[in-house]
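> Residue numbers (the working numbering), protein chains in the order written: chain A, 1 to 116; chain B, 117 to 232.
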Amino acid sequence: NAGVTQTPKFRILKIGQSMTLQCTQDMNHNYMYWYRQDPGMGLKLIYYSVGAGITDKGEVPNGYNVSRSTTEDFPLRLELAAPSQTSVYFCASSQDMAAGGVDTQYFGPGTRLTVL
Amino acid sequence: AQKITQTQPGMFVQEKEAVTLDCTYDTSDPSYGLFWYKQPSSGEMIFLIYQGSYDQQNATEGRYSLNFQKARKSANLVISASQLGDSAMYFCAMREGGTNAGKSTFGDGTTLTVKP
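1. In angstroms with no decimal places, state the Cα-to-Cα distance between A/Ala81 and A/Pro75.
2. Which of the three DSSP states is assigned to B/Ser196 in this structure?
3. Around the C-beta of B/Ala197, are 16 or more other C-beta atoms found within 10 angstroms, so that it is buried, or is it exposed?
4. Against chain B, with Cβ distances strictly below 9 Å, would A/Glu72 count as a contact?
5. Roughly how many angstroms lie between the CA atoms of B/Tyr153 and A/Gly51, to the nearest whole one?
6. A/Pro109 touches chain B at which residues, Cβ-Cβ below 8 Å?
7. With distances taken from CA atoms, which of B/Gly168, B/Leu200, B/Tyr148, B/Pro156 is nearest B/Val135?
8. According to DSSP, simplified to helix, strand and coil, what is B/Asp142?
9. Let me see if you follow: with CB-CB separation under 9 Å, is B/Ser220 close to chain A or not?
10. Please confirm whether any heavy atom of the ligand NAP lies closer than 8 Å to the CB of B/Ile195.
11. Which residues share a DSSP beta bridge with A/Ser94?
12. Which of the three DSSP states is assigned to A/Gln22 in this structure?
13. Given a cut-off of 9 Å, decide if A/Ser94 and A/Gln37 are closer than it, judged by their beta-carbon atoms.
14. With 16 as the cutoff for other CB atoms within 10 Å, does B/Gln130 come out buried or exposed?
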């Protein structure tokens, strides 16, 4: 199983450029998440989705957009990139807690983004 | 609002000794889950252990155990018989149930260094 995959692994953007971070999971999980991790800090939730067609804001959504047209994919869009968006971005997925079992979040390897 | 506090930015432990990493949380939701993750220098997020708010017994996973004190709202991670490979950043996280299902909060982490 591939689990959670993210592309690209690294990216350098210029201020004002836009890009989409891709995230795909093959575990048929309903829940998917996007986090950012600034140096020496914990993860902060940007957006999450509880199923296809349903998304909601997390703690730090400004400057980002998401969509969830399929169960597998949860892309994160950055519009008008700013230096403050320099960070490592993690995508994660988890089983619906109502389905039972441990609600472990499975993380992708991360995307290191630098905005200059 | 949910909140996770890790008060130890850095910890040192001698190889083969036990170490406790502190985590306190704040939530008004009776249904929640507490998680610990390990992040080695390579950057990936590795799930270690989970404790549900209704679980009667403390969770254990191999050398990891979670000291869950619900009244004190603490969920400390205990690592027994430390190994050099345990040197990493450790994050405590919480996810609430109910209408907030999906929203996860991470602490700022504790850097653990295991000395030979």
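Every residue, glycine too, gets a C-beta built ideally from N, C-alpha and C.
Small disclaimer: the values here were computed from a predicted structure and weren't measured.
In short, the structure shows the following:
1. By one-based count along the first sequence, residue 81 of chain A stands at place 81. By one-based count along the first sequence, residue 75 of chain A stands at place 75. So the two alpha carbons sit approximately 16 Å from each other.
2. Here residue 196 of chain B is taken as the residue at index 80 of the second sequence, counted from 1. Three-state result, B/Ser196: coil.
3. By 1-based counting over the second sequence, the position of residue 197 of chain B is 81. Burial call: exposed.
4. Along the first sequence, read from residue 1 onward, the residue named residue 72 of chain A stands at position 72. For A/Glu72, the answer is no, since every Cβ of chain B falls outside 9 Å of its Cβ.
5. Residue mapping note: residue 153 of chain B aligns to position 37 of the second sequence, counting from 1. Residue mapping note: residue 51 of chain A aligns to position 51 of the first sequence, counting from 1. One C-alpha to the other measures close to 24 Å.
6. Here residue 109 of chain A is taken as the residue at index 109 of the first sequence, counted from 1. Neighbours of A/Pro109 on chain B, chain order: Gly159, Glu160.
7. Within the second sequence, residue 135 of chain B is the residue found at index 19, counting from 1. Checked all of B/Gly168, B/Leu200, B/Tyr148, B/Pro156; the closest Cα to B/Val135 is B/Leu200.
8. If you number the second sequence from 1, residue 142 of chain B lands on position 26. B/Asp142: strand per DSSP, three-state reduction.
9. For the purposes of this step, residue 220 of chain B is taken as residue 104 along the second sequence, with counting starting at 1. Yes, B/Ser220 lies at the interface with chain A (some Cβ there is under 9 Å from its Cβ).
10. In the structure on display, the ligand NAP does not appear, and there are no ligands present to speak of.
11. Residue mapping note: residue 94 of chain A aligns to position 94 of the first sequence, counting from 1. Answer by DSSP bridge pairing, in chain order: A/Tyr31.
12. As a first step, residue 22 of chain A must be located in the first sequence, where it is residue number 22. If DSSP states are grouped into helix, strand and coil, A/Gln22 belongs with the strands.
13. Here residue 37 of chain A corresponds to residue number 37 of the first sequence, with the count starting at 1. Here residue 94 of chain A corresponds to residue number 94 of the first sequence, with the count starting at 1. Not a contact, by the Cβ cut-off of 9 Å.
14. On the second sequence, position 14 is the one that residue 130 of chain B refers to. B/Gln130 comes out exposed.
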